[in-house]
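Read the structure below first, then the notes.
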Amino acid sequence: MGRITYLKVLVDWDSARRIHVNGIKNKRQNLLSIFYSLQDKIARHINNYDSSRIYSVSLRLYHGWWSGCTKTFDRKELDADIKNISSRKIMNVLFNRVEFNDFLISDADQVYPLYHTLRKRDKEQMYEQKLIDTSLACDVVYLSYQPNKDPIYVVGDDDDLLPPVFFVKSKNKRDVFIIRISRDNDSCHYDTKNIILR
(Lines of atoms letter the chains of each structure in order from A and count residues from 1; the text may use other names and numbers.)
(Lines give C-alpha, C1' and ligand atoms only; values in the text may rest on other atoms or scores of the structure.)
Protein backbone atom coordinates (compact mmCIF):
# COMPACT_ATOMS: atom_id res chain seq x y z
CA MET A 1 0.00 0.00 0.00
CA GLY A 2 1.21 3.49 -0.88
CA ARG A 3 0.41 6.98 0.31
CA ILE A 4 -2.93 8.05 1.77
CA THR A 5 -5.22 9.84 -0.67
CA TYR A 6 -7.92 12.09 0.80
CA LEU A 7 -11.22 12.22 -1.06
CA LYS A 8 -14.53 13.96 -0.58
CA VAL A 9 -17.35 11.92 -2.11
CA LEU A 10 -20.26 14.22 -2.99
CA VAL A 11 -23.57 12.56 -2.16
CA ASP A 12 -27.05 13.61 -3.25
CA TRP A 13 -28.84 12.43 -0.09
CA ASP A 14 -32.22 12.00 -1.82
CA SER A 15 -30.60 9.44 -4.13
CA ALA A 16 -28.48 7.79 -1.44
CA ARG A 17 -31.37 7.08 0.90
CA ARG A 18 -33.10 5.11 -1.86
CA ILE A 19 -30.63 2.30 -1.28
CA HIS A 20 -32.76 -0.77 -0.72
CA VAL A 21 -32.34 -2.24 2.74
CA ASN A 22 -34.25 -5.49 3.33
CA GLY A 23 -36.55 -5.99 6.28
CA ILE A 24 -35.34 -3.21 8.59
CA LYS A 25 -38.17 -1.33 10.28
CA ASN A 26 -36.30 0.59 12.98
CA LYS A 27 -35.54 4.08 11.65
CA ARG A 28 -32.18 4.42 13.38
CA GLN A 29 -31.08 0.95 12.30
CA ASN A 30 -32.30 1.70 8.78
CA LEU A 31 -30.18 4.88 8.63
CA LEU A 32 -27.11 2.94 9.70
CA SER A 33 -27.84 0.27 7.08
CA ILE A 34 -28.20 2.93 4.38
CA PHE A 35 -24.80 4.36 5.30
CA TYR A 36 -23.18 0.92 5.38
CA SER A 37 -24.64 0.00 1.97
CA LEU A 38 -23.55 3.35 0.57
CA GLN A 39 -20.03 2.93 1.96
CA ASP A 40 -19.83 -0.62 0.56
CA LYS A 41 -20.81 0.60 -2.90
CA ILE A 42 -18.39 3.56 -2.87
CA ALA A 43 -15.49 1.45 -1.52
CA ARG A 44 -15.99 -1.15 -4.24
CA HIS A 45 -15.71 1.49 -6.97
CA ILE A 46 -12.72 3.23 -5.41
CA ASN A 47 -10.93 -0.09 -4.94
CA ASN A 48 -11.65 -1.00 -8.58
CA TYR A 49 -10.13 2.33 -9.62
CA ASP A 50 -6.87 1.85 -7.69
CA SER A 51 -6.33 -0.87 -5.11
CA SER A 52 -2.70 0.11 -4.52
CA ARG A 53 -3.48 3.25 -2.51
CA ILE A 54 -5.21 3.86 0.80
CA TYR A 55 -8.11 6.29 0.53
CA SER A 56 -9.42 8.37 3.44
CA VAL A 57 -12.97 9.39 2.50
CA SER A 58 -15.32 12.09 3.75
CA LEU A 59 -18.94 11.75 2.69
CA ARG A 60 -20.38 15.19 1.90
CA LEU A 61 -24.19 15.12 1.96
CA TYR A 62 -26.30 17.48 -0.20
CA HIS A 63 -29.93 18.01 0.80
CA GLY A 64 -32.41 20.65 1.97
CA TRP A 65 -30.96 20.88 5.48
CA TRP A 66 -32.27 24.37 6.29
CA SER A 67 -35.74 25.96 6.35
CA GLY A 68 -34.84 29.62 6.59
CA CYS A 69 -32.02 29.57 9.16
CA THR A 70 -33.49 26.63 11.09
CA LYS A 71 -32.33 23.05 10.70
CA THR A 72 -34.97 20.83 9.09
CA PHE A 73 -36.34 17.65 10.64
CA ASP A 74 -34.15 15.53 8.35
CA ARG A 75 -31.05 17.40 9.47
CA LYS A 76 -31.88 17.19 13.18
CA GLU A 77 -32.54 13.48 12.82
CA LEU A 78 -29.24 12.92 11.03
CA ASP A 79 -27.32 15.11 13.49
CA ALA A 80 -28.67 12.97 16.34
CA ASP A 81 -27.57 9.73 14.70
CA ILE A 82 -24.36 10.77 13.01
CA LYS A 83 -22.25 9.74 16.00
CA ASN A 84 -23.49 6.16 15.48
CA ILE A 85 -21.87 6.12 12.05
CA SER A 86 -18.38 5.35 13.22
CA SER A 87 -15.18 5.15 11.21
CA ARG A 88 -15.20 2.13 9.00
CA LYS A 89 -12.54 0.52 6.81
CA ILE A 90 -13.52 -1.44 3.71
CA MET A 91 -10.69 -2.90 1.63
CA ASN A 92 -8.37 0.08 1.00
CA VAL A 93 -10.97 2.74 1.88
CA LEU A 94 -11.35 4.35 5.30
CA PHE A 95 -14.57 6.30 5.87
CA ASN A 96 -13.80 8.82 8.58
CA ARG A 97 -16.20 11.75 8.34
CA VAL A 98 -19.66 12.93 7.31
CA GLU A 99 -20.18 16.58 6.44
CA PHE A 100 -23.02 18.69 5.04
CA ASN A 101 -23.32 21.23 2.25
CA ASP A 102 -23.91 24.14 4.65
CA PHE A 103 -21.20 26.07 2.76
CA LEU A 104 -19.50 25.57 -0.58
CA ILE A 105 -16.16 23.77 -0.29
CA SER A 106 -14.50 26.85 -1.78
CA ASP A 107 -15.91 29.03 1.04
CA ALA A 108 -13.17 28.07 3.53
CA ASP A 109 -13.95 31.08 5.75
CA GLN A 110 -17.66 30.15 5.78
CA VAL A 111 -18.84 33.60 4.81
CA TYR A 112 -21.79 32.53 2.63
CA PRO A 113 -23.98 29.93 4.38
CA LEU A 114 -26.40 28.00 2.20
CA TYR A 115 -29.53 28.56 4.26
CA HIS A 116 -33.16 28.24 3.13
CA THR A 117 -32.53 25.12 1.07
CA LEU A 118 -35.96 23.64 1.85
CA ARG A 119 -38.87 25.91 0.94
CA LYS A 120 -42.63 25.74 0.81
CA ARG A 121 -44.04 26.33 -2.65
CA ASP A 122 -46.25 29.42 -2.98
CA LYS A 123 -49.81 28.73 -1.81
CA GLU A 124 -49.11 24.98 -1.60
CA GLN A 125 -48.25 22.62 1.21
CA MET A 126 -45.51 21.00 -0.87
CA TYR A 127 -41.85 21.59 -0.06
CA GLU A 128 -39.04 21.80 -2.57
CA GLN A 129 -35.28 21.87 -2.29
CA LYS A 130 -33.29 24.81 -3.61
CA LEU A 131 -29.56 25.37 -4.23
CA ILE A 132 -28.77 21.65 -3.96
CA ASP A 133 -27.82 20.69 -7.52
CA THR A 134 -26.03 23.99 -8.15
CA SER A 135 -24.00 23.79 -4.93
CA LEU A 136 -23.01 20.22 -5.76
CA ALA A 137 -22.07 21.32 -9.30
CA CYS A 138 -19.95 24.19 -7.91
CA ASP A 139 -18.14 21.79 -5.58
CA VAL A 140 -17.42 19.32 -8.42
CA VAL A 141 -15.90 22.10 -10.52
CA TYR A 142 -13.94 23.51 -7.54
CA LEU A 143 -12.46 20.09 -6.72
CA SER A 144 -11.42 19.65 -10.35
CA TYR A 145 -9.15 22.70 -10.09
CA GLN A 146 -7.23 21.36 -7.11
CA PRO A 147 -3.60 20.48 -7.89
CA ASN A 148 -3.97 16.77 -7.20
CA LYS A 149 -5.32 14.58 -9.98
CA ASP A 150 -7.34 12.27 -7.76
CA PRO A 151 -10.68 11.02 -9.05
CA ILE A 152 -13.91 12.81 -8.14
CA TYR A 153 -16.93 10.73 -7.12
CA VAL A 154 -20.54 11.92 -7.08
CA VAL A 155 -23.43 9.79 -5.84
CA GLY A 156 -26.73 10.57 -7.50
CA ASP A 157 -29.42 9.52 -9.96
CA ASP A 158 -30.26 12.94 -11.45
CA ASP A 159 -29.10 13.96 -14.95
CA ASP A 160 -28.59 17.49 -13.58
CA LEU A 161 -25.27 16.13 -12.30
CA LEU A 162 -24.02 15.46 -15.83
CA PRO A 163 -23.15 19.03 -17.02
CA PRO A 164 -20.54 19.75 -14.31
CA VAL A 165 -19.05 16.29 -14.88
CA PHE A 166 -18.89 16.89 -18.65
CA PHE A 167 -17.22 20.26 -17.97
CA VAL A 168 -14.58 18.73 -15.71
CA LYS A 169 -13.82 15.89 -18.10
CA SER A 170 -13.51 18.21 -21.11
CA LYS A 171 -11.76 21.16 -19.43
CA ASN A 172 -9.58 19.60 -16.73
CA LYS A 173 -9.27 16.04 -18.05
CA ARG A 174 -10.00 14.60 -14.61
CA ASP A 175 -11.57 11.23 -13.84
CA VAL A 176 -15.07 11.97 -12.57
CA PHE A 177 -17.63 9.28 -11.82
CA ILE A 178 -21.32 9.31 -10.99
CA ILE A 179 -22.42 6.38 -8.85
CA ARG A 180 -26.07 5.53 -9.52
CA ILE A 181 -28.23 4.23 -6.70
CA SER A 182 -31.67 3.21 -7.94
CA ARG A 183 -31.58 4.24 -11.58
CA ASP A 184 -31.01 1.27 -13.87
CA ASN A 185 -30.94 2.98 -17.27
CA ASP A 186 -29.39 6.13 -18.72
CA SER A 187 -30.38 8.19 -21.72
CA CYS A 188 -28.86 7.05 -25.01
CA HIS A 189 -28.51 10.74 -25.93
CA TYR A 190 -25.53 11.30 -23.59
CA ASP A 191 -22.09 9.78 -23.73
CA THR A 192 -21.73 8.51 -20.18
CA LYS A 193 -19.26 5.74 -20.94
CA ASN A 194 -16.52 5.78 -18.27
CA ILE A 195 -18.67 8.12 -16.14
CA ILE A 196 -21.63 6.13 -14.78
CA LEU A 197 -20.95 3.42 -12.19
CA ARG A 198 -23.48 1.01 -10.74
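Numbering (this note's numbering), first residue to last: 128 to 325.
Yeah, the Cβ is synthetic: ideal placement off N, Cα and C, and Gly gets one too.
Keep in mind that this is a model prediction, so the values were computed, not measured.
Worksheet entry | Every unbroken alpha helix (DSSP H) inside the region 174 to 210 [4 residues or more] | Assignment of alpha helix (DSSP H) within the region 174 to 210, counting only whole runs of 4 or more residues, yields 200 to 208 in chain order.
Worksheet entry | Boundaries of the beta strand (DSSP E) in which F222 is found, first to last residue | For this step, residue 222 is matched to residue 95 along the sequence shown. From DSSP, the beta strand (DSSP E) with F222 extends over 220 to 227.
Worksheet item: Taking the alpha-carbon positions, what's the V292 to P278 distance?
Response: Your numbering for residue 292 matches position 165 in the sequence shown. Your numbering for residue 278 matches position 151 in the sequence shown. If I take the Cα positions, the gap works out to 11 Å.
Discussion item. According to DSSP, simplified to helix, strand and coil, what is Y242?
Written reply: The count along the sequence shown starts at 1 and reaches residue 242 at position 115. Here Y242 sits in coil by DSSP.
Discussion item. Among the candidates S142, L165, I131, K135, whose CA atom is the shortest distance from the CA of I259?
Written reply: Working through the sequence shown from its first residue, we reach residue 259 at position 132. Closest option to I259, Cα to Cα, is S142.
Practice prompt. Excluding the 5 residues preceding and the 5 following H172 in the sequence, name in chain order all residues of the same chain whose CB lies nearer than 8 Å to its CB.
Written response: By 1-based counting over the sequence shown, the position of residue 172 is 45. Correct list, in chain order: Y280, F304, I306, L324.
Worksheet entry | Pair within 8 Å by beta-carbon distance, L137 and Y189 | Mapped onto the sequence shown, residue 137 falls at position 10. Mapped onto the sequence shown, residue 189 falls at position 62. Contact annotation: L137 and Y189 have beta-carbon atoms nearer than 8 Å.
Worksheet item: Tell me, which residues are paired with K247 by DSSP?
Response: The residue given as residue 247 occupies position 120 in the sequence shown. In DSSP, K247 forms a bridge with Y254.
Discussion item. Can you tell me whether V238 is buried or exposed? The criterion is at least 16 other CB atoms within 10 Å of its CB, across all chains shown.
Written reply: Along the sequence shown, read from residue 1 onward, the residue named residue 238 stands at position 111. Taking all protein chains shown into account, V238 has fewer than 16 neighbouring C-beta atoms within 10 Å of its C-beta and is therefore exposed.
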